[in-house]
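Asks: I'd like to ask you about the structure that follows.
Number of protein chains: 2
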Amino acid sequence: MATRRPPRARPETAAKRTEILRAATATFGAKGYNNGPLTEIADQVGMTHAGVLHHFGSKDQLLLEVLKYRDATDVEHFEGQHIPDGIELFRHLVRTAFVNETRPGIVQAYAVLSAESVTDDHPGRSYFQERYRTLRAEITAAFAHVCAEHGVDDPDGVRRAGAAILAVMDGLQVQWLLDPDDIELGSASAFAIEALVAAVLHPAPSVLGADDTPAAAG
Amino acid sequence: MATRRPPRARPETAAKRTEILRAATATFGAKGYNNGPLTEIADQVGMTHAGVLHHFGSKDQLLLEVLKYRDATDVEHFEGQHIPDGIELFRHLVRTAFVNETRPGIVQAYAVLSAESVTDDHPGRSYFQERYRTLRAEITAAFAHVCAEHGVDDPDGVRRAGAAILAVMDGLQVQWLLDPDDIELGSASAFAIEALVAAVLHPAPSVLGADDTPAAAG
């Protein structure tokens, strides 16, 4: 049996769907998925609870559509399938962090939903698993290009740096949402991405290693 | 009027409180705070909802006690007020990431609650604000020591690296919870902390900077 698809939308239906997705992004950002009621989303767009379900089928399905909608509007996902290659990918991630400073609502929704997805039976779990795997694979591909240019062969470092680049972008978002005056989301992300790329391309002797003697004081 | 304090606990009361705190850590980790019902916590310890409230007053108060309990049992917080100094603090954070591989329940509770704390009116918000501020200040103090040893003076880099070290530890926890076979929580955290400390102590020419020409291919 074929997967059921939504019928081709009339323009007014498409506009209404987009309106609901924007309202749902705001509500899930402000309250999380579990605690963000459908009735509040419906109220924002002047519809009933049943009206929202008519468009999206279920609250779980609405969450998945919110996440896809975010991707479609996201600078992290690349127009026309063109993924920036090599060093350009890292520059693109830095630009994304600066753009994120201008859209706290989207950042809040992403921060809350990605962490909430690790709770039991969360409907967004597979989405975030897949999303992180895809992004890690894209970063690994970019590193392959850049490492070849620099004559570096360090698959362990590449794997760790790839996960860490995404991790530091996510973690800085939480600190920035809690303390926007203390945290420079763009500059701190740029600093960290630069440091992680440099650690792969120009590995320095360990500063922390137990076998290493750091410079003596004085 | 003085702040109300809990009466000094009898031993059996203290044991019961600890039992409730462990159950609440498990439930908040598995479901989040907003979605984790008090009745489930009460069931786990063979009490009623009212019995749990008798010990903690409110669900908000229980959350704050869970967070304090986590700190008290946490290797990130230091026994007997002794905060490791200088480079030892960074080594301590690396060890914490390896220890975290052995306690996914605590990591899950922390990941979920810290991100949930950025939602509107969340009772854990001030706690996490204060926690990150304190940890950033401790890292800044450690950098002051290490930078003096290395003759480095870079307050911007120190501020960014400090936030980024905490961020990468947090973000890797989320990816690890989603994909424990793909993510090496300890090794990836160690790699990233090492890279961020090195970026402060041994700044390299920018690899990503727009004004910088990366090595040509071939």
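Those protein sequence lines, which keep their order, are chains A and B.
The first sequence maps to residues 0 to 217 in numbering that gives the first Met the number 0.
The second sequence maps to residues 0 to 217 in numbering that gives the first Met the number 0.
We treat Cβ as the ideally placed atom computed from N, Cα and C, and that holds for glycine.
(1) Could you give the distance in angstroms between the alpha-carbon of residue 10 of chain B and the alpha-carbon of residue 119 of chain B?
(2) Along the region 23–41 of chain A, where does the CB come closer than 7 Å to a CB of chain B? Name the residues.
(3) Measure the C-alpha to C-alpha separation of residue 154 of chain A and residue 168 of chain B and round it to an integer number of angstroms.
(4) Can you list the residues of chain B that residue 131 of chain A reaches, using a CB-CB cut of under 9 Å?
(5) Closer than 7 Å by beta-carbon distance: list the chain A residues that pair up with residue 57 of chain B, in chain order.
(6) Of all Cβ atoms in chain A, is any one closer than 9 Å to the Cβ of residue 69 of chain B?
(7) Entirely within the region 125–158 of chain B and at least 3 residues each: give me those beta strand (DSSP E) ranges in chain order.
(8) Please report how far the alpha carbon of residue 197 of chain B lies from the alpha carbon of residue 177 of chain B, in whole angstroms.
(9) Return the chain-ordered list of same chain residues with a C-beta closer than 7 Å to the C-beta of residue 254 of chain A, the five sequence neighbours on each side being excluded.
(10) Is any beta-carbon of chain B found at less than 9 Å from that of residue 191 of chain A?
(11) Please confirm whether residue 127 of chain B and residue 185 of chain B have their CB atoms less than 9 Å apart.
(12) Report the option in B:204, B:191 and B:107 whose CA atom is closest to the CA atom of residue 205 of chain A.
(13) Measure the C-alpha to C-alpha separation of residue 68 of chain B and residue 141 of chain A and round it to an integer number of angstroms.
(14) At a CB distance below 7 Å, what residues from the region 79–98 of chain B approach chain A? Give them in sequence order.
(15) Give, in chain order, every residue of the region 8–21 of chain B whose Cβ lies closer than 8 Å to some Cβ of chain A.
(16) Candidates A:31, A:90 and A:45: which alpha carbon is nearest residue 111 of chain A's?
(17) Under 7 Å between beta-carbons, which chain B residues line up against residue 118 of chain A? List them in chain order, please.
(18) Using a 10 Å radius around the Cβ and a threshold of 16 neighbouring Cβ atoms, would you call residue 156 of chain B buried or exposed?
(19) For the structure I just gave you, are there three or more beta carbon pairs, one from the region 10–20 of chain B and one from the region 54–62 of chain B, closer than 8 Å?
(20) Relative to the alpha-carbon of residue 125 of chain A, which residue among A:136, A:113 and A:135 has its alpha-carbon at the smallest distance?
(21) In its own chain, which residues sit with a C-beta less than 6 Å from the C-beta of residue 103 of chain A, not counting the 5 before and 5 after it?
(22) Please report how far the alpha carbon of residue 62 of chain A lies from the alpha carbon of residue 202 of chain B, in whole angstroms.
(23) Skipping 5 residues on each side, what residues in its chain have a beta carbon closer than 7 Å to that of residue 174 of chain A?
(24) Spatial neighbours of residue 43 of chain B within its chain, please: C-beta separation below 6 Å, excluding the five flanking residues on both sides.
(25) I want to see whether chain B comes within less than 9 Å of residue 152 of chain A, judged by CB atoms only; does it?
(26) Look at the alpha carbon of residue 138 of chain A and the alpha carbon of residue 164 of chain A, and state the distance between them as a whole number of angstroms.
(27) Alpha carbons only, please: which of A:86, A:33, A:29 and A:170 is nearest the one belonging to residue 147 of chain A?
(28) Taking the beta carbon of residue 301 of chain B as the centre, do at least 16 other beta carbons fall within 10 Å, making it buried, or is it exposed?
(29) Secondary structure at residue 201 of chain B, three-state DSSP: helix, strand or coil?
(30) Please state if the CB of residue 162 of chain B and the CB of residue 187 of chain A are separated by a distance shorter than 9 Å.
(31) For residue 236 of chain A, collect the residues of the same chain with a Cβ closer than 7 Å to its Cβ; drop the 5 residues on either side in sequence, then sort them by chain order.
(32) Which chain B residues are close to residue 137 of chain A, counting only those with a beta carbon under 8 Å from its beta carbon?
(33) Buried or exposed: where does residue 108 of chain B fall if 16 or more other Cβ atoms within 10 Å of its Cβ makes it buried?
(34) Can you give me the start and stop residues for the alpha helix (DSSP H) that residue 115 of chain B sits inside?
(35) Please classify residue 13 of chain A as buried or exposed, where buried requires at least 16 other C-beta atoms within 10 Å of its C-beta.
(36) Can you pull the chain B neighbours of residue 115 of chain A, defined as C-beta to C-beta under 8 Å?
Replies: A quick look at the data gives this:
(1) So the two alpha carbons sit approximately 38 Å from each other.
(2) Within the region 23–41 of chain A, the residues whose Cβ lies closer than 7 Å to some Cβ of chain B are 29, 30, 31, 33 and 34, listed in chain order.
(3) 21 Å
(4) 173, 174, 177, 178, 181 and 182
(5) Neighbours of residue 57 of chain B on chain A: none; closest Cβ ~17 Å, over 7 Å.
(6) no
(7) none
(8) Residue 177 of chain B has its alpha-carbon roughly 29 Å from the corresponding atom of residue 197 of chain B.
(9) In this structure chain A extends from 0 to 217, so residue 254 of chain A is not present and cannot be described.
(10) yes
(11) no
(12) B:191
(13) Computed Cα separation, rounded: 43 Å.
(14) 86, 89, 90 and 93
(15) none
(16) A:31
(17) Around residue 118 of chain A, the beta-carbon contacts reaching into chain B at under 7 Å are 29, 30, 31 and 111.
(18) Counting the other CB atoms within 10 Å of its CB gives residue 156 of chain B a total of 16 or more, which places it among the buried residues.
(19) yes
(20) Looking at the Cα atoms, A:113 is the closest of the given residues.
(21) none
(22) 43 Å
(23) 182
(24) 22
(25) no
(26) Going from the Cα of residue 138 of chain A to the Cα of residue 164 of chain A covers about 9 Å.
(27) A:86
(28) Given that chain B is displayed from residue 0 to residue 217, the structure contains no residue 301 of chain B and the question cannot be resolved.
(29) coil
(30) yes
(31) Examination of residue 236 of chain A is not possible in this model, given that chain A is present from 0 through 217 alone.
(32) Those do not exist, as residue 137 of chain A stays about 15 Å from chain B at its closest Cβ, beyond 8 Å.
(33) buried
(34) For residue 115 of chain B, the enclosing alpha helix (DSSP H) starts and ends at 103–115.
(35) exposed
(36) Residues of chain B passing the Cβ test: 31, 111, 114 and 115.
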